[in-house]
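Here the sequence shown is numbered in the UniProt record's numbering, starting from 1 and rising by one per residue.
Cβ coordinates follow ideal geometry from the N, Cα and C atoms, glycine included.
Worksheet: one structure, shown below.
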Amino acid sequence: MRWIVAVPPLAFAGLALLFWTGMQRENPDALPSALVNKAAPQVQVTPLGDLPLLTPDALTAPGVKLVNFWASWCGPCRAEHPMLEQLRAEGVVIHGVNYKDKPDQALGFLAELGNPYASIGADAGRMALDWGVYGVPETYVINGKGDVVLRHAGPITAQELDRVIRPALAKAAE
């Protein structure tokens with residue numbers, strides 16, 4: 001019966017160890033993705049205006065590329081847009097997936113801020129579900145074989161560009 005006295009302190013110690021281990025992750029706010037180091041899921045989009053359509057072949061084309069889920073109604077998407085324009089100007093290929101948006105508003109967004117996308121498609125939600133998108137914006141770094149190297153949830157800021165995206169682009173180019 002004396003062993004029962006030891007159960008609460010042992011349970012507390014186990015829980016404390018679990019919390020401590022979780023806090024030692026590189027980025028405790030990062031949302032993990034089951035897609036990393038696996039082939040990117042299918043592309044399932046419809047055309048957005050007369051813009052070049054994102055096709056499955058675009059993800060397996062040689063070279064590193066980004067897939068960016070965005071929407072015109074998304075404030076953080078507007079905030080990250082200059083970083084996407086900068087990456088495009090540097091030669092990074094970016095494919096856009098317009099998420100649950102009205103076509104005229106999406107096209108207006110691009111007309112106002114510029115179009116950093118080599119190809120684009122509209123998604124009513126099916127593709128985002130298959131990719132594990134929690135919300136927009138979300139960006140995936142894809143290598144030349146079509147494998148996901150990184151999933152970045154949230155807007156790409158200048159700090160995230162240098163801290164997360166550029167290293168992932170370099171890794172994908174290896």
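Q. Could you give the C-beta distance for residue 64 and residue 153, rounded to a whole number, given that I count them as a contact under 8 Å?
A. Actually they are not in contact, since the Cβ atoms of residue 64 and residue 153 sit about 19 Å apart, beyond 8 Å.
Q) So what's residue 123 in DSSP terms, helix, strand or just coil? A) Three-state DSSP puts residue 123 in a strand.
Q. Which residue from 3, 7, 39 puts its Cα closest to that of residue 150?
A. Considering only alpha carbons, the answer is 39.
(Q) Rounding to the nearest angstrom, what Cα-Cα distance links residue 116 and residue 138 in this structure? (A) Using only the alpha carbons, I get a separation of about 15 Å.
Q. Rounded to a whole number of angstroms, what is the C-alpha to C-alpha distance between residue 194 and residue 62?
A. The structure shown does not extend to residue 194, since the chain is modelled only from 1 to 174, so the question has no answer here.
Q. If you draw a straight line from the C-alpha of residue 168 to the C-alpha of residue 14, how long is it?
A. Note on geometry: alpha-carbon atoms of residue 168 and residue 14 lie some 35 Å from one another.
Q.
For residue 138, report the span of its beta strand (DSSP E) as first-last.
A. Here the beta strand (DSSP E) through residue 138 covers 138 to 142.
(Q) Using only CA atoms, which one of 92, 145, 127, 84 lies nearest to residue 110? (A) The option with the nearest alpha carbon to residue 110 is 84.
**Q.** Per-residue DSSP class, three states only, for residue 5
**A.** In the three-state scheme derived from DSSP, where H, G and I count as helix and E and B as strand, residue 5 is classed as helix.
Q: Decide if residue 3 is buried, meaning its Cβ has at least 16 other Cβ atoms within 10 Å, or exposed.
A: Taking all protein chains in view, the Cβ of residue 3 is surrounded by fewer than 16 other Cβ atoms within 10 Å, so the residue is classified as exposed.
Q: Give the DSSP bridge partners of residue 93, in chain order.
A: DSSP lists 65 as partners of residue 93.
**Q.** Neighbourhood of residue 123 by C-beta, 6 Å cutoff - its chain only, sequence neighbours within 5 removed
**A.** Contacts found: 45, 97, 99.
Q. Which residues in the same chain as residue 142 place their Cβ atom closer than 8 Å to its Cβ, once the five residues preceding and following it in sequence are excluded?
A. 40, 59, 64, 65, 66, 67, 148, 149, 172.
Q: Give me the Cβ distance between residue 101 and residue 73, rounded to the nearest whole Å; I'm assuming they're in contact under 8 Å.
A: Between the beta-carbon of residue 101 and that of residue 73 there is about 7 Å, and that keeps the pair under the 8 Å contact cut.
Q.
Below 8 Å on the Cβ atoms is my contact criterion, and I expect residue 136 with residue 71 to pass it. Report the Cβ-Cβ distance as a whole number of Å.
A. Right, the Cβ-Cβ distance comes to about 5 Å (below 8 Å), so this counts as a contact.
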